[in-house]
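Down below is the structure, laid out as structure tokens.
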Amino acid sequence: MIDLRKLREDENYRTGITHKGVDPEILDELLELDAACRALQGEVEQLRSEQNRASKDIGRASPEEREGKINIAATIKSKLQEVEAEYGRASESLSEIAITIPNPADPRCPTGGEDDYEVIEIVGEKTEPPPMDHAEYGEYMGWIEIEKAAENMGSRFAYLMGEAVLIEFALVQFTLSKLVSHGFTPVVPPVLVREQMMLDAGFFPTDRQQVYELAEDDLFLTGTSEVALAGLHRGDLLDAEDLPIRFGGFSSCFRREAGTYGKDTSGIFRVHQFDKVEMFSFCDPLNSWDELENLRNLEQEILNELELPYRVILVAAGDLGAPAALKYDCEVWLPSEGRYRELTSCSNYLDYSARRMMTRVRGDDGNPLIHTLNGTACAIGRTLVFLMEHCQQHDGSFKVPKVLQPFCGLDVIPPPTT
RNA sequence: GGAGAGGUGGCCGAGUCUGGUUGAAGGCGCUUCCCUGCUAAGGAAGUAACGGGGUAACCCCCCGUUCGAGGGUUCGAAUCCCUCCCUCUCCGCCA
């Protein structure tokens, strides 16, 4: 959730929000409600103070005096109840709007939408399309079973099979061991969370239609382990010397992919379920921007070691998710499509999620909210897509990237003999 | 799924039956000071968070909220009532 005080005091904060495409009128409305709320809060608190005094007075009073004093307190109470009801209504409509306001975009974000990204860095060479795209190759190698998945589960599901599974686990081991060496604690988090968790992590209400819901149990399947990881320090007051606290979460991820009809329909580029290793950092607000660069460096290191050609872009304000203030995407060259496609990303949420989570750091001058950051270490399914195209040899064999070989015991996987 | 017990400040733990200066005894821990050749022991004081407001600003002051969460009863709730969440014990079931 955004910082209402900053919104009314800091012009830059406001423009950061409008850059995300929020109508300024909504912000004005919000500020009016906020002012009204605070005024009412003052009234309520003053009346409550009077009432508290009156009640305490009754406790001290002699039995003869009580009747009269109770009457006095009762009239204060009825007045209080009126104002309280009004305040309740006001603050409810305030938070109803406030929760929908995205975190302001950082000034470094390019303005505009999806196509207005800024290219930061290009690594490696664009390559020619291989004989088969990943979907064809996956079927050829017996790694991806889509037809049976479609019959059993519907569209956008796949069985991952054979050596692809070994490579998946090699990717997990490879990235997790790298993260551990950088001070990340590995986590296998629950993938079902309560609605409150979704709200507090900053995913609801904006992304609600992307999430699978188990209505019977008021639980939601997470689209990324980030959601559960964010809750790992709910309500905690942390010591600065313990920060940053870094977690590497491994989990399956579930996405409804609503509104993507017709997009990426072949293969496993975009499916309802995939596995992912995610980085998450609880960071001192003083150096969260450095931490973002750390996460980006790690992502690039992983791509470098997998020998994938990619570019890094700075995502434009209008294309950021609600909680992100700044986001880098690493886009890998997909030869069959002749374009870069998103594989990993990292972003700084600043205090947007921490505000609802009430995760703070002990300070000399108050206890400020910590900053949370997250980044993809390895989106496994999609990484396999890129590997299937880049490591595919002309004889149909698959050359396992060097860094993965120790983790799966494979170097060159021959094509099927039949 | 069935039966029972319980959730109080950084931690432990009273208070709940019998509602009233209880933001909450006591202990531990922590901070500062004193004592001590050093350490240990001992003595003194302090020690929650969040929100709103005052102030040029604050280490300052005022007010409010918080005893798992949300409602209710009452002039007044940690204490009484309802709903929910969580933890523990026993039984059942189970990877």
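Counting in the working numbering, the first sequence runs from -7 upward without gaps. The C-beta atom is built at its ideal place from N, Cα and C for all residues, glycine as well. All figures in this text were calculated on a predicted structure; none of them were measured in a lab.
Query                                                                                                                                                                                            : Result
Identify, in the order they occur along the chain, each residue of the same chain with its Cβ nearer than 8 angstroms to the Cβ of E78, setting aside the five sequence neighbours on each side. : L32
Keeping to the same chain, check which residues put their C-beta closer than 6 angstroms to that of A82; ignore five residues upstream and five downstream.                                      : A28, C29 and L32
When DSSP builds the beta bridges, which residues end up paired with C245?                                                                                                                       : F266
Considering only C-alpha positions, which residue in the set K140, D387, P277 and T167 is nearest to G241?                                                                                       : T167
CA-CA distance, D108 and D228?                                                                                                                                                                   : 38 angstroms
I need the straight-line Cα distance from N44 to S85, nearest angstrom please.                                                                                                                   : 28 angstroms
Quick one: measure Cβ to Cβ for W281 and K118, integer angstroms, because I've assumed they're closer than 8 angstroms.                                                                          : That belief does not hold up - the Cβ atoms of W281 and K118 are roughly 31 angstroms apart, past 8 angstroms.
From A65 to Q201, what distance separates their C-alpha atoms?                                                                                                                                   : 49 angstroms
The alpha helix (DSSP H) spanning L(-1) covers which residue range?                                                                                                                              : L(-4) to E1
Is the CB-CB distance between L342 and F274 below 9 angstroms?                                                                                                                                   : no
In the DSSP assignment, what residue or residues form a beta bridge with I64?                                                                                                                    : According to DSSP, I64 bridges with nothing at all.
Can you tell me whether W281 is helix, strand or coil according to DSSP?                                                                                                                         : helix
Taking all protein chains shown into account, decide if E270 is buried (16 or more other Cβ within 10 angstroms of its Cβ) or exposed.                                                           : buried
Report the partner residues of H174 according to the DSSP bridge assignment.                                                                                                                     : Paired residue(s): none; H174 is not in a bridge.
Contact between the region 48 to 66 and the region 124 to 140: three or more CB pairs below 8 angstroms?                                                                                         : no
Less than 9 angstroms between the C-beta atoms of F176 and F246, yes or no?                                                                                                                      : no
Please name the residue in T10, I50 and I18 whose C-alpha comes closest to that of P99.                                                                                                          : T10
Where does A314 sit, in a helix, a strand or coil, going by DSSP?                                                                                                                                : coil
Please list the segments of the beta strand (DSSP E) lying wholly inside the region 355 to 383, counting only runs of 3 or more residues, in order along the chain.                              : 363 to 371
Please state if the CB of V404 and the CB of S389 are separated by a distance shorter than 9 angstroms.                                                                                          : yes
Terminal residues of the continuous alpha helix (DSSP H) containing N44?                                                                                                                         : P16 to R52
Could you give the distance in angstroms between the alpha-carbon of E37 and the alpha-carbon of L72?                                                                                            : 9 angstroms
Which stretch, first to last residue, makes up the beta strand (DSSP E) that contains E334?                                                                                                      : R331 to N340
Have a look at D20, M(-7) and I50 and flag the residue whose alpha-carbon is nearest the alpha-carbon of I91.                                                                                    : M(-7)
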